[in-house]
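Each remark here refers to the structure printed beneath this line.
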Amino acid sequence: MSQKISARIPASTTNLGPGFDTLGLALQLYSTVTLEITGNRTEVVISGIDIDKIPSTPEHIAFQAVESVFQRSGVRQPKGLKLSITNGIPAIRGLGGSGTAILGGLLTANVLCGNPFSDSELLNFATDIEGHPDNVAASLYGGMVISVQEGKHVHTIRLTCDPTLHVVLAIPEFTLSTQKARDILPKTVDFTDAIYNISRSSLLVACIATGKLEMLSAAMKDKLHQPYRSSLIPGFDDVVEAAIDAGALSIALSGAGPTIAAYCLNNMDEIGNRMQNVFKQHDIPCKIKMLGTDLEGAKVWKNEGKNL
């Protein structure tokens, strides 16, 4: 078995408005996970941003993913595993940080075990741990990924996005747990609202597939989750209005929030400044990131950095 394996996994923004738990887009923002056999005690080491929000114990979700690979493969887990995470993704902000950690654990452990599992099998494992496939699928494959879960199996189709499409993220300083964001959702939805979202999510996929990005303004509208979750984010409507006025094609919650993502072709600086200023007016400090779409997905290498 190789002794030290690393993986770089991109962040994701998911739902994209109407594609609740179905659509995900990989972003050029990364965390790196390294797994090595030390022969000493089990160790989880966290560095990078938001380390105060991430547990540095074997209870970390990435280490649980590592253990699941050994259990599923039947390979005996070595003594003295060290899992190191260099976190580059704001934690608990709707950018798929938990999904990248899970994938990092699965991908590195899979190589240590001799690659018994395919990417599609690892995606199924990741979805089982995470509870939904949209963020892990986008981070694994890159680009925009449409995911459908059928039992324990996830079906995916990956689309390559127009490289001119950029995402401006307004990332508030406060966190919002996925559970809290899910608890606020209604148990049932009106039939007309369901039709509304089906039509918009279908149009959104077609926009990306054909490059007709000018239709994103209509395609990213939503009635299933954003009207409810937006109440948890002070100034949400005003931030949306400011981004559109500054030239954004469309705007949506990133995952469960509180990060807000503006999709644009130009004027990124102006859009980011407007969003930040509006949050400031509501006494919410936030950081702005202007990102392209990651088209490569997760990368894994042994020791010297050679991709597998």
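The opening residue of the sequence shown carries number 17 in our numbering; numbering runs sequentially from there.
From the three backbone atoms N, C-alpha and C, an ideal C-beta is built for every residue, glycine too.
- Message: I need the DSSP call for residue 52, collapsed to helix, strand or coil.
- Response: Reduced to three states, the DSSP call for residue 52 is strand.
- Measure from the alpha carbon of residue 277 to the alpha carbon of each residue in 307, 300 and 293, then state which is nearest. Out of 307, 300 and 293, 307 has the C-alpha closest to the C-alpha of residue 277.
- Tell me, to the nearest whole angstrom, how far the beta carbon of residue 67 is from that of residue 104; I am working on the premise that it is less than 8 Å. 12 Å between Cβ atoms; not a contact.
- Query: Quick check: the segment 114-124 against the segment 143-161, are there 3 or more CB pairs under 8 Å?
  - Reply: These segments touch.
- Query: Taking just the CA atoms, how far does residue 259 sit from residue 128?
  - Reply: Using only the alpha carbons, I get a separation of about 46 Å.
- Per DSSP, what kind of secondary structure is residue 172 in: helix, strand or coil? DSSP places residue 172 in strand when its eight states are reduced to three.
- On a CA-only basis, which of 275, 296, 135 and 19 is nearest residue 110? Give me that one, please. The residue with the shortest Cα to Cα distance from residue 110 is 275.
- Return helix, strand or coil for residue 40, following the three-state DSSP convention. Strand at residue 40.
- Burial state of residue 52 (16 or more Cβ within 10 Å): Residue 52 comes out buried.
- Query: Any C-beta of chain C sitting closer than 8 Å to the C-beta of residue 193?
  - Reply: Here chain C cannot be found, since the structure has a single protein chain.
- Could you check how far apart the C-beta atoms of residue 250 and residue 298 are, in whole angstroms? I think they sit under 8 Å. Their Cβ separation, rounded to whole angstroms, is 4 Å, which keeps residue 250 and residue 298 in contact under 8 Å.
- Query: Between 143, 295 and 123, which lies nearest to residue 134 when the distance is taken from Cα to Cα?
  - Reply: Put simply, of 143, 295 and 123 the residue whose alpha carbon is nearest the alpha carbon of residue 134 is 123.
- Task: Give the DSSP-derived three-state secondary structure of residue 164 in the structure shown.
- Result: Three-state DSSP puts residue 164 in a strand.
- CA-to-CA distance, residue 54 to residue 245, given in whole angstroms: Cα to Cα, residue 245 sits roughly 44 Å from residue 54.
- Query: Which same chain residues, not among the five before or five after residue 162, have their C-beta less than 7 Å away from its C-beta?
  - Reply: Around residue 162: 38, 39, 172, 173 and 221.
- Query: Is the CB-CB distance between residue 229 and residue 178 below 8 Å?
  - Reply: Against a cut-off of 8 Å, the Cβ pair of residue 178 and residue 229 comes out as a contact.
- Tell me, to the nearest whole angstrom, how far the beta carbon of residue 49 is from that of residue 22; I am working on the premise that it is less than 8 Å. Right, the Cβ-Cβ distance comes to about 7 Å (below 8 Å), so this counts as a contact.
- Would you mind listing the beta strand (DSSP E) stretches within the segment 58-82 that are 3+ residues and don't spill past its ends, in chain order? The segment 58-82 is shown to contain whole beta strand (DSSP E) runs of 3 or more residues at 59-64, in chain order.
- Message: Between the alpha carbons of residue 28 and residue 91, how many angstroms are there, rounded?
- Response: Take the alpha-carbon of residue 28 and the one of residue 91: they are about 31 Å apart.
- Taking the DSSP output, what are the residues bridged to residue 306? In the DSSP output, where bridge partners are listed per residue, residue 306 has 184.
- Item | residue 24 - containing beta strand (DSSP E), residue span | It spans 20-30 - the beta strand (DSSP E) in which residue 24 sits, taken as one unbroken run.
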